[in-house]
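Whatever position you read off the sequence shown (first residue = 1), add 11 for our numbering.
By construction, the Cβ of each residue, glycine as well, lies at the ideal position given by its N, Cα and C atoms.
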Amino acid sequence: MSFDASILTAYYNARSGVGTSSSGASTTTPTKYAPTAPWTPSGTKTLSNDTSLMSAAVKNAMLGRKLVDENAAKLDLAGASNDYRKLFALYQSLDTLNGVANQISGKGLTSVDKDRIKSVFAKGLAEVTTYAESLKLDQIRITRGEATDKAQTKIGVPKVAPDYVTPPLVTGDVSQPVDAFQGDVQFNISVKRIGVTHDIPIDLSEMGSTPRNMANVVNFINDKLADAGVATRVASQRTPGGDRTVQVNGKAVKVGTNPDSWALKVKVDSGDTVTFQPVKTAGSVYVAQSVGNPDPDGKSTTNDGVTNRQLLKFQTDTTDVAAPGQALGEANWVDGRLWSEDMDKTVGTVHATQVGPDGSVYVLADVTGKVSGQDIKGTQDVALMKYDSAGKLMFTRTLGAASTASGLALAVSADGEVAVAGKVTGGLAGATEGALNSGETGSFATSSDSFVTLFDEEGQEVWTQRRGARQNDEATSIAFGADGEVYVAGRSQSALPGTSALGDWDSYIEGFKADAKGKVSTLFTQSVGSSGADRPGGLVVDGDSLVLANNENGRAVLHRFDVSGTAPVETGVRDLGDLQGGDISGLALNDDGQVVIAGSTRNGALDAGDITRALGGGMDAFVAQVSADLTPTAGDSLAYYGGAGDDKVTGLAVADGKVFLLGQAGSDLPDQAALGKKDGFLAQIDVAAGAVAWSRRFTGKDGYATPTAIAADAVGASVLDRIGLPQGTLSGTGSQQITALTSIRAGDQFQVRAGEGSSARTITIEANETLETLANKVRRASNYQAKVDIVTVEGTRRLKVTPINPRSTLEFFDGKTGKDALSLLGVSEGVVRSTTTNKDGKTVPADGGGQIFGLKMDKDLKLDTASDISHTLAELATAMGVVRDAYKELKDLSTPASVKNAEKAKAASGKAPAYLTNQISNYQAALDRLTGGG
């Protein structure tokens, strides 16, 4: 049996475009139409193909010499286009910049060495980006950003309110009765449409003996809705179970199929406003916590911990509402826990939670990256998250700090306004600045300033005040006054405007109020405390007075101020005693007019009235109720809570006269056995009686739970929690403002240029900016050379920008560092152009100009962290790759068509590679052995 090798050879040639001719190679030196690229190994040494020259170039850069040098770009072809010289200069400057960036990973570098490398890199980056942005070539075009056919925002505005879907209520056989529908299930559905409200009572006991499975309950509710004449309906929603797998040798192996699950879906008709109201309610508390082992290997030098933040809800009594059960597969459940929701992995410490007047719960946290789809500007920002009572995230609002910020305090008014306070370093566009703020530049730029932001009920920013001292300061407590005032307490390391320094860290109180036109005035600023280190532990408003809890050099001290005049007048002081290493964790007003203060202490004899429950040992929780005017009375009482170990309070909440403590358990706790390695605790304390009315101990992932914030709602729990429906009105489409939906702040900017010869025009974002108003600004800024549409993508409305005609090009530029809006809109810098296909089948710009190459290089590359370094090196590598592609284009344009055609013909008559010829010979030999050569 013979084997025709020419068949496989022909097959290879057909796949690879190589002919079967075996003509010998020509000895004639080919004509050169383009100069040799600097990265090509050749006889001519360049810094891009010779390590010694590269080392010298990097050394020169470190000595402060320029990176871009067109004269250093050697062309080995006489008469070559000057485009090559400029392109080579760009490449070699990028290559040198890459070499500088690599220096940061050298061994034995001191912090001074690294700072010097970062400084040289920043200077070099600015030089290279300026050169790239100003580069004018005759035959091709270069842009520092991307070259695309459209610019489309990634952030979007919901087009319609989404259907409300509960968590799964049944898994497996959907025809079986659903646990959540059993027992006393009563609630009301209120549907408002065109000014008319329809109240529809739902009582599943009316179903009689009909099984309360998903289909029957859905039909029952829909019949009630139909009888009321409304179009809103409920339905079941199936989620396929998917594959069930196990890990075998590190690989997922399918072992079966998980059962399907079904949830309840509320399909709100367009124009309807739907509200759920329970018939019976119970008390509830919300807890924010961090879970997971922060140090699995026990080494402080490594960062191997994987933790995440959760929001929990507990039902605190079962008088009218049955106790919740454990959901299938629910980890770390304890009796009374209604649900647990994980937050985004970028959420850091949760500093505060508060219940709103609509039954929702607000969460204030630090975030270190994209949260709820929103990018942040700096390394850490503040996020205000609103959850409904069933644990569904309704919205997230970010502050938009240019560098770092922390949200430390949160208050919600009776009409739904939300005030947050904390500290910020670096820029905060649109904020009203104080006289002594640390500033974005200068010797105090690394110090933090206090900030206060007011949001309306939609989560739209109303105003932001930034008030600080030269050195570090922060606002740590906040409260609303009866007439719209916002009061804060904080601490400062140096004097605030209008105050005098008292000592170490000084506490302060401050008031703000907006007039009828929205202009905010500072009512007062006053220092409070001792000559030692002071820290506020809470602030409440009692009529025309403020009550401040203050840790003054380790002592718990209460202050009362009359704020009815132009300046606060102190009317009462009460020193509760030495905390002995403890701290104050909260302050509240009770229904009977007493002030409630809580914290941690080793002092079993605080001066806060009758001790109704003694110190257990070590560090214990304490909670005291004293007269609001701070005068000692017979009704004052003090209770301790804890075991023999160190127990620390992290939060206090009071609702309907009930006092709740949240904290970190030490070892033993009264009537609460340990669950994990590090547990949290909740305790309802009857202070006057010294009794524990209700308590829970709980843990989290890996046996670690660190609770950080608590909020209480006297009527927050109901049968709706079991079903996964919220109390209150279902969220609509929400805010349409870009500043509410992103980290963009009023005053942030970006630029648009229409055509290469025109000037770039700046677009500034306003506080009430929407997609519609922004679309008009882009049209005007482009001299109406941009076609701007609002398109729907995945249920959200987004902005889409394209050239108005094939001859037009648009270019987008970021705003200044810390005030850029373009990247937060999700639009990349670069050129937007129309394209067409030429006669050779090549995609080219439709305006008739040269091909456009986008370097895709950020102008704000950094070397601060390992992630920054990796990102920077990747972007520089991409940019250099684009320059190499641009060189190929130039070379192609420089080569005559006749020569290119001849090269194609030569390639078609080439020779199959040796490896394929050898393989074919081996196949033939094998066949000969099998067939005896016949």
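Beta-carbon spacing of residue i, residue j below 9 Å
{"i": "Leu672", "j": "Phe761", "result": "no"}
{"i": "Gly735", "j": "Pro178", "result": "yes"}
{"i": "Val266", "j": "Thr256", "result": "yes"}
{"i": "Arg818", "j": "Asp160", "result": "no"}
{"i": "Lys43", "j": "Glu138", "result": "no"}
{"i": "Phe478", "j": "Val463", "result": "According to the sequence provided, residue 478 is Arg. The question's Phe does not apply to it. Cβ atoms of Arg478 and Val463: closer than 9 Å."}
{"i": "Asp517", "j": "Ser503", "result": "yes"}
{"i": "Gly597", "j": "Ala699", "result": "no"}
{"i": "Thr409", "j": "Ala394", "result": "yes"}
{"i": "Ser449", "j": "Ala456", "result": "yes"}
{"i": "Thr652", "j": "Ala599", "result": "The identity of residue 652 in the sequence shown is Tyr, whereas the question assumes Thr. The answer is no: Cβ separation not under 9 Å."}
{"i": "Gly1034", "j": "Val358", "result": "The displayed coordinates of the chain run from 12 to 945. Any statement about residue 1034 would go beyond what the structure contains."}
{"i": "Val1018", "j": "Gly75", "result": "An answer regarding residue 1018 cannot be provided, because it is not within the stretch 12 to 945 covered by the chain."}
{"i": "Val296", "j": "Leu686", "result": "no"}
{"i": "Ala609", "j": "Ala632", "result": "yes"}
Inter-residue CB distance, residue i and residue j (contact presumed, cutoff 8 Å)
{"i": "Glu496", "j": "Phe523", "result": "7 Å"}
{"i": "Val285", "j": "Ile200", "result": "7 Å"}
{"i": "Glu821", "j": "Ser793", "result": "It should be pointed out that residue 821 corresponds to Leu in this sequence rather than to Glu. Their Cβ separation, rounded to whole angstroms, is 6 Å, which keeps Leu821 and Ser793 in contact under 8 Å."}
{"i": "Leu507", "j": "Leu447", "result": "7 Å"}
{"i": "Arg708", "j": "Leu680", "result": "6 Å"}
Reduced DSSP secondary structure (H/G/I, E/B, other) of residue i
{"i": "Ser17", "result": "Low per-residue confidence applies at Ser17: pLDDT is 47, beneath 50, and the placement is therefore not dependable, though the value from the model is reported in the following sentence. DSSP places Ser17 in helix when its eight states are reduced to three."}
{"i": "Gly35", "result": "For Gly35, the pLDDT reaches just 46, beneath the cut-off of 50, and the residue's location in the model is therefore unreliable, leaving the point undetermined."}
{"i": "Phe954", "result": "Since the displayed the chain opens at 12 and closes at 945, residue 954 lies outside it and no answer follows."}
{"i": "Ser518", "result": "strand"}
{"i": "Arg791", "result": "helix"}
{"i": "Phe455", "result": "coil"}
{"i": "Tyr23", "result": "Low confidence applies here, because Tyr23 scores a pLDDT of 42, under 50, leaving its location unreliable; read the following figure in that light. Tyr23: helix per DSSP, three-state reduction."}
{"i": "Val393", "result": "strand"}
{"i": "Ile595", "result": "strand"}
{"i": "Val131", "result": "helix"}
{"i": "Asn199", "result": "strand"}
{"i": "Leu86", "result": "coil"}
{"i": "Arg155", "result": "coil"}
{"i": "Tyr142", "result": "helix"}
Residue of the options minimising C-alpha distance to residue i
{"i": "Met891", "options": "Ile153, Pro41, Ala89 and Arg127", "result": "Ile153"}
{"i": "Met868", "options": "Asp658, Gly433 and Asn109", "result": "Asn109"}
{"i": "Lys381", "options": "Arg818, Ser461 and Asp355", "result": "Asp355"}
{"i": "Ala237", "options": "Val358, Ile211 and Gly620", "result": "Ile211"}
{"i": "Arg166", "options": "Leu833, Val893, His882 and Glu468", "result": "For clarity, residue 166 is Ile in the given sequence; the question names Arg instead. Comparing Cα positions, the closest option is Leu833."}
{"i": "Lys97", "options": "Leu148, Ala226, Met65 and Gly119", "result": "Leu148"}
{"i": "Arg772", "options": "Asn779, Ala334 and Val763", "result": "Val763"}
{"i": "Ala420", "options": "Asp399, Ala500, Glu352 and Val366", "result": "Ala500"}
{"i": "Ile11", "options": "Ser505, Gly653 and Ser424", "result": "Any question about residue 11 goes unanswered here, given that the chain covers just 12 to 945."}
{"i": "Tyr519", "options": "Ala338, Thr828, Asp526 and Ser505", "result": "Ser505"}
{"i": "Thr592", "options": "Ala616, Ser878 and Gly565", "result": "Reading the sequence as shown, one finds Gly at residue 592 and not Thr. Here the closest residue by C-alpha is Gly565."}
{"i": "Leu349", "options": "Thr360, Gln337 and Ala342", "result": "Gln337"}
{"i": "Ala133", "options": "Gln150, Lys688, Ile115 and Gly656", "result": "Ile115"}
{"i": "Gly758", "options": "Lys830, Ala751, Thr781 and Arg733", "result": "Lys830"}
{"i": "Gly370", "options": "Ala401, Gly194 and Val196", "result": "Ala401"}
{"i": "Gly282", "options": "Ile205, Asp328, Asp640 and Gly194", "result": "Ile205"}
Close Cβ partners of residue i (< 7 Å) along its chain, the five nearest in sequence each way excluded
{"i": "Asn71", "result": "none"}
{"i": "Gly701", "result": "Thr623, Arg624 and Ala650"}
{"i": "Val302", "result": "Thr318, Asn319, Gln321, Gly711, Lys712, Tyr715 and Ala716"}
{"i": "Thr164", "result": "Arg809, Leu810, Leu836, Gly837 and Val838"}
{"i": "Ser575", "result": "Asp555"}
{"i": "Lys170", "result": "Thr803, Gly806, Thr807 and Arg808"}
{"i": "Ala544", "result": "Asp515, Trp516 and Asn564"}
Residues near residue i by beta carbon distance below 6 Å, same chain, minus five either side
{"i": "Thr47", "result": "Ser53 and Asp87"}
{"i": "Thr390", "result": "Thr415"}
{"i": "Val277", "result": "Tyr175 and Val245"}
{"i": "Asp306", "result": "Gly316"}
{"i": "Val228", "result": "Phe192"}
Own chain residues within Cβ distance below 8 Å of residue i, not counting five before or after
{"i": "Met65", "result": "Leu58, Ser59, Asp106, Thr107 and Gly110"}
{"i": "Asp682", "result": "Val703 and Ser706"}
{"i": "Leu146", "result": "Lys97, Leu101 and Ile153"}
Chain D within 9 Å of residue i, Cβ atoms only
{"i": "Arg733", "result": "Looking for chain D here will not work: only one protein chain is present."}
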